[in-house]
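First comes the structure, then the notes that go with it.
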Amino acid sequence: MAPTFARIAAAIDPSSSVSVSVQLRGALEYGIATGEIAPLARLPSVRQLAAKLGLSPVTVSTVYAALQERGQIEGRIGSGTFVTDRGRAAMAGAGQLAAFERKIAELIATGRDLGLSPQDVAYRVSLAPRTTSHPLRILVVGTFRDATAAYAEDLLPHLGDCDIAIPWIVGETAPLPRADLLFCPRTLTAEAQRNFPDTPMADMVLIPNETTRIALAALPPEAEVTAVSYFDDFLSVLKAGIGRFAPHVGHITALPRDAPDLAAKLEQCSILIHSTGAGYLRDRLRPDQTAIEYRHTPDIHTVRTELLPLIDRMRVRAGTKETTNEDK
């Protein structure tokens, strides 16, 4: 079994008040959303994962079915179960690039008919008037207001000067804002599509931010850590993430925010690590206890390789459409 799935398996806690099926679904879903489980990656078979976790194959099969219904994974007869392909937009971009190359070849051929060399054509292209930049309104989708605003702020330096990143919280009752593109975690795709059915969407891959990673790496080995998740299905992900960035810490207790023994665990711990949304627990700590928020940020590598090329293609299409309308 791949290290990623072994880590997920190790984070599943059968003794937790959160059902194992919810923990497993959350671990797989967030693993896909953060890119730790890559697009097109093959998942362990139902029997393999069930044996590893000591679960009934029916339980694992039910989790896989739920993820498949959400569009996170797909079954292929005779091949297995795979993460759905986030690369389709890139494939579409490759087709557009090929079409662009054909237009260049046609332009050079036309220039040759007029007695112009390729160098002459290139020179004239360099002198052609530039089309105006088309600013785009990018809606950054999230669950919590402060965190989503931080996602938008982290994204802004990578956008064009005229582009706007607008944080939007799922479930908001205010009028829906106008948007050219949705930038959305895969866990929120279904709700975003319901609200913006005709708006293009790009996947937001989330990773723990630098502040979180540094804080976890600096934990003392003897720390008594209590980890609290706002959402039940994020519990195993939170525990696995702490184990990944703080492997030197020997004792970690992970529990949901509504666990009956939460008060006792908070009293006993020296370090509280809470997911975004559970920051109110800080008010229950003593001065000698430390709190760390496990906060995410958009993965900049994915922003550069997937989001920005998509924005460029949309900008070109917007410019082409405007030029066509002016010529009518």
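All you need for the working numbering is the position in the sequence shown, starting with 1, plus 7. Glycine included, each C-beta is placed from N, C-alpha and C at the ideal position.
For residue i, the residue or residues it bridges with in DSSP
i: L279; result: T233 and A298
i: C191; result: D210
i: T88; result: G82
i: L60; result: Note: L60 sits in no beta bridge, so no partner.
i: A45; result: Answer is none; A45 lacks a bridge partner.
i: H258; result: E231
i: A172; result: I145
i: P267; result: Per DSSP, none; premise fails for P267.
Pair within 8 Å by beta-carbon distance, residue i and residue j
i: H281; j: P215; result: no
i: D239; j: P254; result: no
i: V1; j: W175; result: Beyond the ends of the chain as shown, which are 8 and 335, falls residue 1; an answer cannot be given.
i: L47; j: D92; result: yes
i: R293; j: L143; result: no
i: L56; j: I44; result: no
i: A225; j: T206; result: no
i: V27; j: L74; result: no
i: A18; j: K272; result: no
i: A209; j: D20; result: no
i: T88; j: I80; result: yes
i: V310; j: L162; result: yes
i: F151; j: G284; result: yes
i: V177; j: L195; result: yes
i: Y158; j: T219; result: no
i: V256; j: V232; result: yes
i: G42; j: D306; result: yes
i: V128; j: I115; result: yes
Identity of the residue in the options nearest residue i by Cα
i: A40; options: S68, S26 and V90; result: V90
i: A181; options: L163, N202 and A116; result: N202
i: L188; options: A285, C276, A199 and G178; result: A199
i: I221; options: I299, D295 and T312; result: I299
i: I15; options: R32, R324, T196 and E231; result: R32
i: I259; options: R83, A209 and I278; result: I278
i: E76; options: A197, R289 and G286; result: A197
i: F241; options: Y37, S24 and T11; result: Y37
i: S52; options: S86, G42, V25 and G78; result: S86
i: D153; options: G286, A325 and S23; result: G286
i: S22; options: L60, R54 and F12; result: L60
i: L356; options: G248, A116 and E160; result: The displayed coordinates of the chain run from 8 to 335. Any statement about residue 356 would go beyond what the structure contains.
i: F12; options: S243, R119 and G149; result: S243
i: R324; options: P64, F107, V132 and R83; result: F107
i: C276; options: L314, H308 and E229; result: E229
i: I145; options: S133, R131, E160 and V132; result: E160
i: V29; options: L121, R54, A58 and A72; result: A72
i: D295; options: L314, Q126, R193 and E274; result: E274
Run of the alpha helix (DSSP H) containing residue i, from where it starts to where it stops
i: F12; result: P10 to A18
i: E198; result: T196 to N202
i: L35; result: V27 to A40
i: R144; result: Taken as a continuous stretch (DSSP letters only), R144 belongs to no alpha helix (DSSP H), being part of the beta strand (DSSP E) at R144 to G149.
i: T304; result: Unbroken run through T304 is the beta strand (DSSP E), H303 to P305; no alpha helix (DSSP H).
i: P125; result: P125 to L134
i: E160; result: R152 to L162
i: F241; result: No alpha helix (DSSP H) contains F241, which DSSP labels as neither H nor E.
i: A285; result: First-last for A285: undefined, no H or E at that position.
i: L336; result: With the chain covering 8 to 335 only, the question about residue 336 has no answer from this structure.
8 Å Cβ cutoff, residue i in contact with chain C
i: A181; result: In the structure shown, chain C cannot be found, because there is only a single protein chain.
Spell out a yes or no on whether the stretch 162 to 173 and the stretch 311 to 321 are touching, meaning 3 or more CB-CB pairs, one atom from each, closer than 8 Å. Short answer: they touch.
ask   = Are at least three pairs of beta-carbons, each pair with one atom in the stretch 242 to 258 and one in the stretch 266 to 275, less than 8 Å apart?
value = Taking a contact to require three or more Cβ pairs closer than 8 Å, the stretch 242 to 258 and the stretch 266 to 275 do not qualify as touching.
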